[in-house]
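*Asks:*
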Amino acid sequence: MIKKLCSILTAYVSIVIVTFSLLITQANPIFLQNNLFSKRLFAYGLLNNFSNVIVGVLLILIGYQVKGSINFIKKYIYIYIVNLLIFIGLFLWTRNFTISNLYDAVLPITRNTYPIVIGTISALLIKDKVKSLIKKYKFSVILEVYTIIFLLPSLFNKDIFGLGNGNNIITAFLLTILGVILSNIELEKFRINKKIITLMIMSIILNIILAFSMPYISLRMHKNLSTAYRFNVLTSITVVTMAIVIFIVVQKLKLLKISINILEYAGLLTLLIYSNSFIIEKIVNSSVSLKVLLFKSCIVTIIIIILGWLLSIIDKKEHLLEKKLLLNDEKLISPWIGEIIVKITNYIKQHKYNLLNIVILYILAYCSFIFMSPHFTSPHMDGESYTSIFFYTFFIKQNMLLLNFILYYLIYRFIYSVTNKFWLSSVTTYVITAVAIVADAIKIYYRSEPIFPTEVTMISAYGDILSMVPKVILWIAMIGIIILSVFIIFCEIEIPQRKLNWKSRLISILITIIIFGSSTQINHWNSIVSKWLSSYGNDPAFWNQEWGVQQNGALQQFLNNIDTKIMEESSDYSRKKVDEIAEKYEKQAKKINKDRINNLSTQTIIFNLSESLANPNRLKEVELSQNPLSHIDSIKENTTSGLMISSGLGGGTANMEYMTLTGLPVSNFSPTIATPYTQVVPNSEQTLTINNYFKKSTAIHPYRGSFYSREVVYKKFGFQRFMYLGSKYKIKHKIKIGSNPYLSDETAYQNTLDVINSYKNGQFINLVTMQNHLPYSDYYDNSGDYQVSGNMDDDEKNNISNYSAGISYTDKAVQKFIEQIDEIDKSITVVFYGDHLPGIYSNIDGNSLEARETDYFIYSNKYARQHGAKNLKHVKYVSPIDFIALTAEQTNSKVSPYYALLTEIQKELPTIKVYAYNNGKNPVFVNKKGKTIKYKQLTKKQKRLYNDLKLVQYDLTAGNQYLYKTKFFNVNK
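And the structure:
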């Protein structure tokens with residue numbers, strides 16, 4: 006009993022040593038990085054060495070003790086399942102993985118996921134054959150061969166035989182076979198004389214000396230640790246020799262008495278941990294404390310032993326796999342392979358229609374990608390290289406293709422489970438899928454966006470849609486349905502397929518409901534479903550639905566758009582409460598309008614979003630040799646100006662547009678709303694924007710119109726014209742700077758001047774530039790004028806220099822534009838703002854205020870100032886929702902009750918941090934000094950203002966839009 010406990014304790018400590026060494030290597034603590042002598046460094050060298058010796062002993066022990074048979078295929082399947090479960094468990098713990106990690110877990114042989122396990126099992130499958138084969142050779146000859154294999158690479162530090170560090174199939178196979186060879190020798194009768202003892206002791210001493218001294222030698226010779234662990238690998242002759250010595254001693258003294266079944270599984274699980282880097286990486290999970298790593302090692306070892314014990318029990322009691330795979334101890338590998346081939350062939354013959362159905366569904370899934378690209382090109386930005394959608398989908402987006410195939414298969418399986426008719430289910434699935442793909446392709450061709458769930462649920466519109474379809478098409482469809490019906494009936498009678506039992510039907514229905522039902526959690530960023538899909542490769546790309554459907558496939562993108570809970574409903578939301586708010590701010594509007602003489606509608610108002618514009622000099626981490634925005638800074642000194650708090654960092658342009666045009670903060674929306682343009686606007690019957698107060702409004706964007714569904718959104722906003730590349734309203738004066746693929750800001754301003762001069766009365770222009778969009782390559786000749794200092798690498802400095810050169814051209818274009826509108830004899834006011842910082846700064850905190858500050862100014866031309874416009878005092882911090890109120894105040898224009906609310910918000914409430922999403926709960930603000938203010942710190946009046954805004958926002962975007970039935974949006978002139 007004591008010997009057994011000692012052997013178990015020895016095994017436990019050994020596994021802890023192996024695991025602890027692996028965790029330290031993965032964690033890469035400071036003492037392994039700083040190239041300095043330390044006790045920990047030498048202790049790690051010894052630990053790492055002993056870890057590899059233990060693995061060597063384990064491989065030899067498995068080959069020596071474990072009985073080899075065809076049944077090891079069953080054990081491999083158990084290990085495969087356990088690895089999958091470990092993968093799922095580690096995902097649930099860390100909430101992330103890569104698609105490569107998933108492929109490794111699902112396809113371990115082709116992906117070489119745990120090669121040592123494969124090598125060990127391969128050796129055991131042919132153990133009996135090896136035993137009979139090696140009887141022909143002397144043990145000394147075999148030992149000499151092994152010595153050459155492991156000695157030469159160790160001696161010359163050249164991987165002659167391609168064994169690497171030993172984490173491969175060949176090394177595991179060789180060491181396991183060595184155990185098999187030793188099992189042919191009666192070690193109990195094996196005599197150990199003084200010479201052998203001396204050699205054993207010398208080999209152990211040599212291994213320990215090398216483990217201790219190599220870090221010292223490496224640091225002395227190379228000034229780093231590049232060769233410190235040269236002899237601490239499984240293929241080192243000293244490690245292999247020490248492993249053999251320990252194994253012989255253990256067997257001679259009969260120290261290890263562990264159940265063979267437990268040894269099989271605990272040993273294989275240890276080898277699984279040793280060779281699967283994903284498991285070690287996730288177990289470490291950013292831990293660097295040695296105590297924490299040791300504790301984790303102990304826990305992992307306990308789990309390995311328990312799992313080994315459980316698997317040994319299951320192995321004894323479960324025989325289903327043996328029957329299914331035709332396994333038994335008497336069978337050899339060659340005849341078994343022949344039997345399996347016959348069985349697979351018979352299965353294919355018996356299930357040919359089911360397999361054909363799978364192929365067709367896969368082809369349909371493939372079509373759901375390729376037909377989403379009108380020109381059959383892969384998703385790309387201008388200036389990027391691209392390939393055909395056929396190649397891109399099959400070789401690059403295979404993971405998403407498989408996901409869509411599984412979803413289509415689940416639809417088929419659901420119908421099959423309900424009807425229990427194979428042909429009816431299959432053909433119905435094909436027709437539904439094909440119709441959906443064609444409908445998506447048509448909509449993308451005409452509107453650059455796929456079909457949304459909200460459109461599918463508009464059943465009342467189906468009759469109107471059908472009335473627009475030519476009767477010929479309807480007759481063809483009817484004939485097609487009749488032909489398909491006859492085909493289904495014929496096949497069900499003449500080629501009937503097996504019926505499903507009630508258990509299979511129920512399970513299929515439940516799985517389908519659960520999988521598709523989980524789509525309501527896709528946009529809940531902390532949910533398991535969201536984390537799984539984002540790790541898998543799903544990118545909803547709400548900013549460009551056409552891009553998203555090409556990346557994710559038609560069905561998955563449809564599911565991405567299902568859950569768009571816009572806002573949490575306020576407990577006091579009612580028609581009565583909304584009417585009270587409308588009445589309250591109607592009085593406030595009358596009070597404001599007493600002192601104002603102008604109307605917005607009679608002036609030219611320009612909202613100019615300048616792509617990615619924010620002065621790098623404002624960042625404390627960056628220092629530029631000169632200011633790239635000197636002209637803009639000069640303009641800011643003489644007009645209403647300050648810093649805008651952006652909701653984005655490196656992206657999110659459309660969200661800034663939405664806030665400036667509507668006056669509604671995106672931070673009040675649910676976190677599931679990533680882009681209101683594509684998730685809120687399509688669901689609203691109407692959306693009031695500032696351009697609705699003008700008889701004429703134009704949107705200008707010198708790029709594609711499909712991004713953020715702008716073509717659809719601007720039309721719904723009421724813009725009469727949208728000028729973009731490819732539109733019927735042509736972009737003129739096309740100028741590019743250097744090798745920049747995007748049209749210049751000068752182009753944008755020249756087209757804006759054309760629109761201004763084409764209409765003598767008041768109008769609204771929404772200008773979105775493109776020149777400074779990423780990437781920030783070496784486009785310009787003047788990049789060298791903007792030298793960067795700071796703690797960052799050269800690539801980042803180059804990006805910042807290139808970016809600074811780009812915005813310097815914007816600076817000059819803005820100055821020229823301001824000078825030009827000053828010469829025009831009509832009231833023009835420009836709201837100029839950068840939408841977000843570019844995503845090129847690696848060392849700034851993304852949640853800090855400086856990471857969200859962009860430049861803005863509001864400028865009224867000379868004519869406007871002569872007719873009532875006035876500069877406001879410096880407003881340091883604003884949010885995008887403040888621009889409407891500030892513009893109305895600067896131009897001395899009357900306001901509607903809604904804009905009276907926005908005016909009060911801008912004057913009385915600290916600036917809303919629009920990037921702090923939290924369903925509008927516990928909002929965060931910024932005061933004039935840049936300090937964060939929490940909701941509970943607000944005054945009662947400020948809280949009322951904020952809650953009024955939130956209730957208005959709910960009514961307009963998620964509620965019943967009662968406000969449109971009041972005078973809330975009317976301006977009393």
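Sequential numbering from 6 applies to the sequence shown in my numbering.
Backbone N, C-alpha and C fix where the C-beta goes; we use that ideal spot for every residue, glycine too.
#1: Would you identify the three-state DSSP class for I863, choosing helix, strand or coil?
#2: Which same chain residues, not among the five before or five after S422, have their C-beta less than 6 Å away from its C-beta?
#3: Whose C-alpha, out of I93, F25 and A128, is nearest the C-alpha of K3?
#4: Along the chain, where does the alpha helix (DSSP H) containing G50 start, and where does it finish?
#5: Less than 8 Å between C-beta atoms, sequence neighbours within five positions excluded: which residues of the same chain meet that for S393?
#6: Using DSSP with H/G/I as helix, E/B as strand and the rest coil, what is T275?
#7: By Cβ distance below 6 Å, which residues in the same chain neighbour Y729 in space, the five residues on each side in sequence not counted?
#8: Look at the alpha carbon of N924 and the alpha carbon of V880, and state the distance between them as a whole number of angstroms.
#9: Starting from N603, follow its DSSP beta bridges and name the residues at the other end.
#10: By how many angstroms is the C-alpha of G343 removed from the C-alpha of I516?
#11: Quick one: what's got a C-beta closer than 7 Å to A177's C-beta in the same chain, skipping five residues either side?
#12: Between which two residues does the alpha helix (DSSP H) harbouring I650 extend?
#13: Candidates Q684, N632, L914 and K301: which alpha carbon is nearest Y808's?
#14: Measure the alpha-carbon distance for V534 versus D544 and round it to whole angstroms.
#15: Below 8 Å on the Cβ atoms is my contact criterion, and I expect G839 with D860 to pass it. Report the Cβ-Cβ distance as a whole number of Å.
#16: Just curious, the beta strand (DSSP E) that T937 is in, first and last residue?
#17: Going along the chain, which unbroken runs of the beta strand (DSSP E) with 3 or more residues stay wholly within the region 662-743?
#18: May I have the straight-line CA-CA distance separating S292 from G542, to the nearest angstrom?
#19: To which residues of the same chain is I889 closer than 7 Å at the C-beta, ignoring the five residues directly before and after it?
#20: So which of L877, E855, Y969 and F25 has the shortest CA-CA distance to K296?
#21: Can you tell me the Cα-Cα spacing of K536 and W530, whole angstroms?
#22: Pick from T607, P113, L204 and S241: whose alpha carbon is nearest that of K163?
#23: Taking one C-beta from the region 47-65 and one from the region 206-217 each time, how about it: are there three or more such pairs within less than 8 Å?
#24: Rounded to a whole number of angstroms, what is the C-alpha to C-alpha distance between Q691 and K721?
#25: Quick check: the Cα distance between D387 and D827, rounded to an integer number of angstroms?
#26: Determine the extent of the beta strand (DSSP E) in which F769 is found, giving its start and end residues.
#27: Compute the distance between the beta-carbons of I84 and L273, then report whether it is under 8 Å.
#28: Can the beta-carbon of E616 be found closer than 8 Å to that of H778?
#29: Is I498 helix, strand or coil by DSSP?
#30: Mapping the DSSP letters down to three states, classify L629 as helix, strand or coil.
#31: Where do the ends of the alpha helix (DSSP H) carrying N40 lie?
#32: Candidates C303, R225, E801 and S282: which alpha carbon is nearest V21's?
#33: Give the DSSP-derived three-state secondary structure of Y234 in the structure shown.
#34: Alpha carbon to alpha carbon, what distance is there between I251 and I59?
#35: Please report the distance separating the alpha-carbon of G767 from that of Y698.
#36: Between Q871, L406 and L560, which has its C-alpha nearest V443's C-alpha?
*Replies:* To lay it out plainly:
#1: strand
#2: R510, S513 and I514
#3: An answer regarding residue 3 cannot be provided, because it is not within the stretch 6 to 978 covered by the chain.
#4: K44 to Q70
#5: F381, T382 and S383
#6: helix
#7: H706 and G710
#8: In this prediction, N924 has a pLDDT of 49, which is less than 50 and means its spatial position is unreliable; what the coordinates show is noted afterwards. Straight-line Cα distance between these residues: approximately 27 Å.
#9: S898
#10: 36 Å
#11: L64, P120, I121, G124 and T125
#12: Careful: I650 lies outside any alpha helix (DSSP H), inside the beta strand (DSSP E) at T645 to I650.
#13: N632
#14: 13 Å
#15: 5 Å
#16: T937 to K939
#17: 702-706 and 726-729
#18: 26 Å
#19: G668, I695, Y904 and L907
#20: F25
#21: 7 Å
#22: S241
#23: yes
#24: 7 Å
#25: Because D387 sits at a pLDDT of 48, beneath the cut-off of 50, its placement in the model cannot be relied upon, and the following sentence gives the value as read from the coordinates. Computed Cα separation, rounded: 35 Å.
#26: Q768 to V773
#27: yes
#28: yes
#29: helix
#30: strand
#31: Premise fails: N40 is in no alpha helix (DSSP H) and is neither H nor E.
#32: C303
#33: coil
#34: 9 Å
#35: 10 Å
#36: L560
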